[in-house]
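Every number in the numbering used here is 2 more than the matching position in the sequence shown, counting from 1.
For each residue, glycine too, the CB sits at the ideal point set by N, CA and C.
Written below as structure tokens is the structure these notes are about.
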Amino acid sequence: MARAVTAKDVAKAAGVSQATVSYVINDHPDQKISAATRARVLDAVADLGYTPSSAARALRKGSSDLVLLLLPDIPFGPVVAHLMEQLTDELEPFGLMAVTRRIRAGTPVSSLWRELRPAAMVTIAPLSEQDEREIHAAGIPVIGTALAPVSGVDMSSGPQTAIGYMQVEHLAFMGHRRLGYAAPDDVRVARFFGPRLAGARAACLALGLDQPVVLEVPLDAGSAALAVDAWRQGLDPVTAVCAYNDDTAFALLAGMHRRGLSAPGDLAVIGVDNIPLAALASPPLTTVDQNLDPVAAQIAREITAALQGAPPPDTDAAEVITLVVRASA
3 MARAVTAKDV
13 AKAAGVSQAT
23 VSYVINDHPD
33 QKISAATRAR
43 VLDAVADLGY
53 TPSSAARALR
63 KGSSDLVLLL
73 LPDIPFGPVV
83 AHLMEQLTDE
93 LEPFGLMAVT
103 RRIRAGTPVS
113 SLWRELRPAA
123 MVTIAPLSEQ
133 DEREIHAAGI
143 PVIGTALAPV
153 SGVDMSSGPQ
163 TAIGYMQVEH
173 LAFMGHRRLG
183 YAAPDDVRVA
193 RFFGPRLAGA
203 RAACLALGLD
213 QPVVLEVPLD
223 AGSAALAVDA
233 WRQGLDPVTA
243 VCAYNDDTAF
253 ALLAGMHRRG
263 LSAPGDLAVI
273 GVDNIPLAAL
283 ASPPLTTVDQ
293 NLDPVAAQIA
303 REITAALQGA
313 PPPDTDAAEV
323 ITLVVRASA
């Protein structure tokens, strides 16, 4: 394997000191470098294919140009992928780059941030009190979310409770009085599921409805069909179901198909996330869109404000989520 090109190699090729190479590459404002010397260094960099070490740059600056997004070790689909795309686009004009890392619950993150030296951190995974103290002491801004609040910092919106509330409001508006809630069977998503169910229950209480009948719906048609059977039995059967997310809603539609049933006539179904396939469901799926474009923009504004020492910008969770009405509910 070829040896990596170093700053020493560039200095030798350009006939200058390593310090001069560093000054040119990092555009050091306190050093006067002639145009001819700068040109020789940059030519040597190009000829040798030299790439400065990001770790070395971080050591010199005290931080890198990275924004570290900490994710919990749970299943994520197109929603988080889209959030990352949008966050990357929002940060790029500021010379910042988003990187993601998954962490298990209770795993210290000290070695991670010490190695990367991020300019800021965004956490969807909860941090321990010790991690919070150490990161704060290092002067790294941490943008929390409503899913993983961080002590002493404002939180970017994560309107999970409002999602469940909106689902019930729509079903009630469509005339349904007896509702079910299709819960996930993965305990790792409890931090998402809990607030959504709480919002659904709060809406039922506010609208004078019975509390939703909660059943687990695994992502397979057979198990979903059993849940459909349970909801439809009795003298006062469930007529509409709030699904934890669109994946769960798809499983529910598949279970209904096994029983020769369809939405919304036999059972109305509403999901969450508005994944690309939602419009292609049979029937097309009514869902709640989390509108991650403004979420990413809000996170980026909070990051740049924190780096500038400015107060965090205001946000309105009600503007983040929208109802997408299709045929299923």
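State the Cα-Cα distance for the pair residue i and residue j, rounded to the nearest angstrom.
i	j	result
Val111	Ala192	22 Å
Ala15	Leu72	41 Å
Leu199	Ser284	25 Å
Leu217	Gly182	8 Å
Arg261	Ala245	18 Å
Pro128	Ala107	7 Å
Ala37	Val81	48 Å
Leu263	Leu287	15 Å
Asp222	Leu209	32 Å
Ile35	Thr22	8 Å
Val240	Met258	13 Å
Ala8	Ile27	The sequence given here places Thr at residue 8; Ala does not occur at that position. The alpha-carbon atoms of Thr8 and Ile27 are separated by roughly 12 Å.
Tyr167	Thr289	13 Å
Ile277	Pro296	17 Å
Val243	Gly196	16 Å
Ala83	Arg203	29 Å
Gln88	Met99	11 Å
Ala331	Gly146	34 Å
Ala308	Tyr25	28 Å
Gly17	Asp49	14 Å
Gly97	Ala184	43 Å
Val327	Ala281	10 Å
Ala229	Ile165	22 Å
Lys10	Gln20	6 Å
Asp187	Trp233	17 Å
Pro314	Thr39	43 Å
Ala6	Thr102	26 Å
His172	His178	9 Å
Asp275	His138	33 Å
Leu211	Ala256	27 Å
Ile126	Ala329	33 Å
Phe194	Gly79	14 Å
Apply the 10 Å Cβ neighbour rule to residue i and answer buried if 16 or more other Cβ atoms are within range, or exposed otherwise.
i	result
Gln169	buried
Gly224	exposed
Gln235	exposed
Gly51	exposed
Phe175	exposed
Asp248	buried
Gly267	exposed
Pro214	buried
Leu61	Any reading at Leu61 needs caution, since the residue's pLDDT is 44, under 50, leaving its predicted position unreliable; the model's value is listed next. Result: exposed.
Thr163	buried
Val219	buried
Thr109	exposed
Gly201	buried
Val124	buried
Ala312	exposed
Does the separation of the CB atoms of residue i and residue j fall below 7 Å?
i	j	result
Ala122	Ile305	yes
Asp291	Thr250	no
Leu294	Leu85	yes
Arg104	Asp75	yes
Ala253	Ala226	yes
Val322	Pro161	yes
Pro120	Leu68	yes
Val12	Ala46	yes
Asp238	Arg180	yes
- Message: Does the region 83 to 99 come into contact with the region 291 to 304, if we say contact requires no fewer than three beta-carbon pairs (one atom in each stretch) closer than 8 Å?
- Response: yes
- Of all the beta strand (DSSP E) runs that stay within the bounds of the region 176 to 219, which reach a length of 3 or more residues? 181 to 185, 215 to 218
- Message: Assess contact between the region 112 to 120 and the region 266 to 277, defined as three or more Cβ pairs (one per stretch) separated by less than 8 Å. Is contact present?
- Response: no
- Enumerate, from N- to C-terminal direction, the unbroken alpha helix (DSSP H) stretches of 4 or more residues contained entirely within the region 239 to 276. 248 to 260
- Item | Residue ranges of each beta strand (DSSP E) within the region 63 to 119, 3 or longer | 68 to 74, 99 to 105
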